[in-house]
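Residue numbers (this note's numbering), protein chains in the order written: chain A, 2 to 586; chain B, 275 to 356. Glycine residues also receive a C-beta, built at the ideal position from the N, C-alpha and C atoms. Note that the structure is a prediction, hence the values are computed from the model and not measured. To start, the structure itself, in structure tokens.
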Amino acid sequence: MNNWIHPALFYLVGALFLPLFKGALKKVFILLIPVAGIVSVAISSYGNYGAYQFLGVEGLFGRVDKLSMVFAWVFVIMSFLGALYALHRKEDGHHIAGFYYVGGSLGAVFAGDYLTLFIFWEAMAFSSVFLIWYGKRPQSVNAGYRYLLFHVFGGLLLFAGMMFYYSKTGSFAFNAIPPGGASWPEYLILAGFALNAAVIPLHAWLPDAYPEASVEGAVFLCAFTTKTAVYVLARGFSGFEILAIMGTAMTVFGVIYAIIENDIRRVLAYHIISQVGYMVAGVGIGTMMAVNGAAAHAFAHILYKALLFMGAGAVLYMTGTSKMTQLGGIYKYMPLTMIFYVVGAISISGFPFFSGFVSKSMIVAAAHHEGRIWLMLLLNLAGIGTFLSVGLKVTYFTFFGKESGDHRNVHEPPANMLWAMGLTSLLCFLIGTFPSVFYKLMPFPVEFNPYSASHLSEMMQILSFTGLVFYLMVKKLAPDAKLNLDIDYFYRKGTVLFIKFDEKVIAPVDAFWGELYRTLGLKSLFGTATLSYIFDQKAIDGVVDGTAHSVMGIGSIVKKLQTGRVQTYIGLSLLLFFAILWAVL
Amino acid sequence: MNLVNILEYLRARIELLKKLFYGFLLLLVVFDVLLPREHAHFFVDKIPAFWTLFTVTGCFILARFSKGLAHTILGKKEDFYE
């Protein structure tokens, strides 16, 4: 590594020194780590760094090119905003878990081979789970374990895939895979990546775990896992038709759940699936414009989704609930939080001058450009659902609408949370208003003008008429205090079914077997025992007793010789001596 | 607080805001109808005010469909898994 310092190093090593600091100094140190990360990304130049040999396998720690740099940039920026938002947390463990999670993501993004990728991939799963456990409720603990199991399964898919890939190609190099040349090793790798990108039906871990995470942890979680997965998909599997179709399906699937969920953080979690769907679809369409769109949307999405989670987290932190049925009318007590949330909401919905407008539309335009009109229509339908759910429903039923519950003592969150939200809002605005700087970061040259008359007209119609329909249907769209089933039903109820199966099938079989043993096994055992008893008595004892009788016979003769008189003993000894002498001579 | 006062002020004049909003919607439709269409390749570009029609029908169906799912097969009690 001549002139490149791996940005992950600052997070992985820096976090270890965190417990040494106290008070204000600790807070400075927490912010210095991401600042060092930002600086190291800023001074990076393109190239391959940190090649290594391990057991005869060639590895590469640092592939620094345009595609990896887009993600590295947004990861380090997000780590700063996330650290600022979490600055009031007392537990060192929370900060360390966050930094290891960021370090893992950076390591995965710069990895040039599957082995390095796999190591950082697992580091991400095992550090991020702590952010869920720091939710500190019984549900958080359970959801964390399910999250971990799911990601271990995904890691195994990736591991199996890369091993078969190695035996097929003789290399661990992680490069673009042509769609025509892919067979099952590549598809195993794809499945491992897809699980982290929450591609349906491998998505259930996300809405299961993220809403149970700590307020600050959720801000980190929503940014890194799924977007690292988008990066690896863009790197390896661009142009795979299945991704175009599954991605589009995800966009609609996510908003359907976002429309019906009650907990703000569950709405946002389901909505991640929808947003990542846009990126996956962009990767699947695979043209330069579409892959640019996927990278741009990942960048923009990380910021505004984190902003939305910050807003929802602030509401949860101050009121103690994030369920819309228990909120309403709190704009009076948290006006700044409301404004920041709304900035996130209009960014994600794609309002002009905010980031979604310049990123999401690139993917939609790429589908349009390729003549994939059905994909384009469904992507725009998901856009409608986005504004309807995250934009209008959550804003209205949380900050406006009827007040449910007493929140009069509620006020704005701590200053560090407000600053994090303010800075993130500013970035969303800057990206949307000055897209040319943002487009320079993209992997391919961008020839797309989001502010054309036809695109403005399209987006303004979609947004404004969604507003109209919401206004007309507002009573029908009121959230219900209910839980909505998803794929996780099968494995969560599956364990209950397994216990029932155990009670109804395994336990009776076990009991029957025991009974069988008792009746048949024990009887035969008793039978053999009787036989061996008889044998013991008659045969063995006969032999043993016979020997004993002869020993006793000799003993009684010897006994007669033992008179107790010394003369007899001397006499007998002399007799014996002469007998031996006579025998020898 | 200042911000809250502004919002209260606007909420007190909701009828006027509604009228402005309807006027804006009308303007959007007129704007789209007047857009030049000589480069249009696909039906989504050719039909005037296509996205208005698409949004009104799409949004209505999406909302009814999702809520319908929640009220029939998906919705369970909150302690369902406990």
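Decide if residue i is buried, meaning its Cβ has at least 16 other Cβ atoms within 10 Å, or exposed.
i: Pro202 (chain A); result: exposed
i: Val1 (chain A); result: Any question about residue 1 (chain A) goes unanswered here, given that chain A covers just 2 to 586.
i: Ser184 (chain A); result: exposed
i: Ala540 (chain A); result: exposed
i: Phe579 (chain A); result: exposed
i: His369 (chain A); result: buried
i: Phe100 (chain A); result: buried
i: Ser172 (chain A); result: exposed
i: Ile347 (chain B); result: exposed
i: Pro212 (chain A); result: buried
i: Met553 (chain A); result: exposed
i: Thr252 (chain A); result: buried
i: Val307 (chain B); result: exposed
i: Thr227 (chain A); result: buried
i: Pro336 (chain A); result: buried
i: Met2 (chain A); result: Note that Met2 (chain A) has pLDDT 46, beneath the 50 cutoff, so the model's placement of it is unreliable and the number below is only indicative. It counts as exposed.
i: Glu459 (chain A); result: buried
i: Asn4 (chain A); result: exposed
i: Ile558 (chain A); result: exposed
i: Lys293 (chain B); result: exposed
i: Arg287 (chain B); result: exposed
i: His345 (chain B); result: exposed
i: Leu573 (chain A); result: exposed
i: Ala9 (chain A); result: buried
i: Pro436 (chain A); result: buried
i: Phe400 (chain A); result: buried
i: Lys560 (chain A); result: exposed
Which one of the options has the shortest CA to CA distance from residue i?
i: Ala301 (chain A); options: A:Met443, A:Arg373, A:Ser172; result: A:Met443
i: Leu393 (chain A); options: A:Leu464, A:Val29, A:His408, A:Val253; result: A:Leu464
i: Leu382 (chain A); options: B:Ala344, B:Gly349, B:Thr329; result: B:Thr329
i: Met289 (chain A); options: A:Ile500, A:Phe154, A:Met363, A:Phe119; result: A:Met363
i: Val65 (chain A); options: A:Tyr50, A:Met79, A:Tyr534; result: A:Tyr50
i: Asn276 (chain B); options: A:Tyr332, A:Val36, A:Leu317; result: A:Tyr332
i: Asp407 (chain A); options: A:Ala416, A:Gln327, A:Pro480; result: A:Gln327
i: Gly63 (chain A); options: A:Asp481, A:Ile44, A:Glu504, A:Thr117; result: A:Thr117
i: Phe398 (chain A); options: A:Val42, A:Ala479, A:Tyr342; result: A:Ala479
i: Phe388 (chain A); options: B:Ala337, B:Ala344, B:His345, B:Ala314; result: B:Ala337
i: Leu13 (chain A); options: A:Leu26, A:Gly38, A:Asn176; result: A:Gly38
i: Lys27 (chain A); options: A:Phe72, A:Glu92, A:Gln276; result: A:Glu92
i: Thr326 (chain B); options: B:Ser340, B:Leu300, B:Phe316; result: B:Leu300
i: Lys409 (chain A); options: A:Gly321, A:Val365, A:Ala366; result: For the sequence presented, residue 409 (chain A) should be read as Arg rather than Lys. Checking every option, the nearest Cα to that of Arg409 (chain A) belongs to A:Gly321.
i: Phe445 (chain A); options: A:Asn293, A:Ala366, A:Trp122; result: A:Asn293
i: Tyr167 (chain A); options: A:Arg267, A:Asn485, A:Glu59, A:Leu498; result: A:Glu59
For the putative contact between residue i and residue j, defined by C-beta atoms under 8 angstroms, what is the C-beta separation to the nearest angstrom?
i: Gly330 (chain A); j: Gly402 (chain A); result: 6 angstroms
i: Ala230 (chain A); j: Gly386 (chain A); result: Their Cβ separation, rounded to whole angstroms, is 22 angstroms, which puts Ala230 (chain A) and Gly386 (chain A) out of contact at 8 angstroms.
i: Leu311 (chain A); j: Thr467 (chain A); result: Before going on, a small fix: residue 311 (chain A) reads as Met here, not Leu. Not quite, the Cβ-Cβ distance comes to about 24 angstroms (not below 8 angstroms), so this is no contact.
i: Ile237 (chain A); j: Ile286 (chain A); result: In the sequence under discussion, the amino acid at residue 237 (chain A) is Gly, which differs from the Ile named in the question. Wrong, their Cβ atoms sit about 16 angstroms apart, outside the cutoff.
i: Ile349 (chain A); j: Tyr305 (chain A); result: 5 angstroms
i: Ala299 (chain A); j: Leu68 (chain A); result: Actually they are not in contact, since the Cβ atoms of Ala299 (chain A) and Leu68 (chain A) sit about 11 angstroms apart, beyond 8 angstroms.
Please list the terminal residues of the continuous alpha helix (DSSP H) segment that includes residue i.
i: Arg236 (chain A); result: 216-237
i: Leu486 (chain A); result: Counting along the chain, Leu486 (chain A) falls outside any alpha helix (DSSP H), and DSSP gives it neither H nor E.
i: Leu149 (chain A); result: 139-170
i: Asn49 (chain A); result: Element bounds for Asn49 (chain A): not the alpha helix (DSSP H) but the beta strand (DSSP E), 48-55.
i: His7 (chain A); result: Looking at the DSSP string, His7 (chain A) is not in any alpha helix (DSSP H), and its letter there is neither H nor E.
i: Gly345 (chain A); result: 336-350
i: Tyr305 (chain A); result: 289-320
i: Glu289 (chain B); result: 288-308
i: Leu107 (chain A); result: 93-111
i: Arg201 (chain A); result: According to the sequence displayed, residue 201 (chain A) carries Ile and not Arg. From DSSP, Ile201 (chain A) is part of no alpha helix (DSSP H); its letter is neither H nor E.
i: Thr117 (chain A); result: 115-134
i: His456 (chain A); result: 454-474
i: Met251 (chain A); result: 242-261
i: Pro509 (chain A); result: 508-517
i: Arg267 (chain A); result: 265-286
i: Pro436 (chain A); result: 436-441
i: Tyr638 (chain A); result: Here chain A comprises residues numbered 2 to 586, so residue 638 (chain A) is not present and cannot be evaluated.
i: Lys28 (chain A); result: 24-43
i: His370 (chain A); result: 356-370
i: Val330 (chain B); result: 324-343
i: Val318 (chain B); result: 317-320
What are the boundary residues of the beta strand (DSSP E) that residue i is part of?
i: Tyr59 (chain A); result: Contrary to the premise, residue 59 (chain A) reads as Glu rather than Tyr in this sequence. Residues 58-65.
Consider the Cβ of residue i: report whether some Cβ of chain D lies at a distance smaller than 7 angstroms.
i: Lys350 (chain B); result: Of the chains in the structure shown, none is chain D; the protein chains are A and B.
task = Can you check the segment 387-424 of chain A for any alpha helix (DSSP H) of at least 4 residues that lies completely inside it and give the ranges in chain order?
result = 395-400
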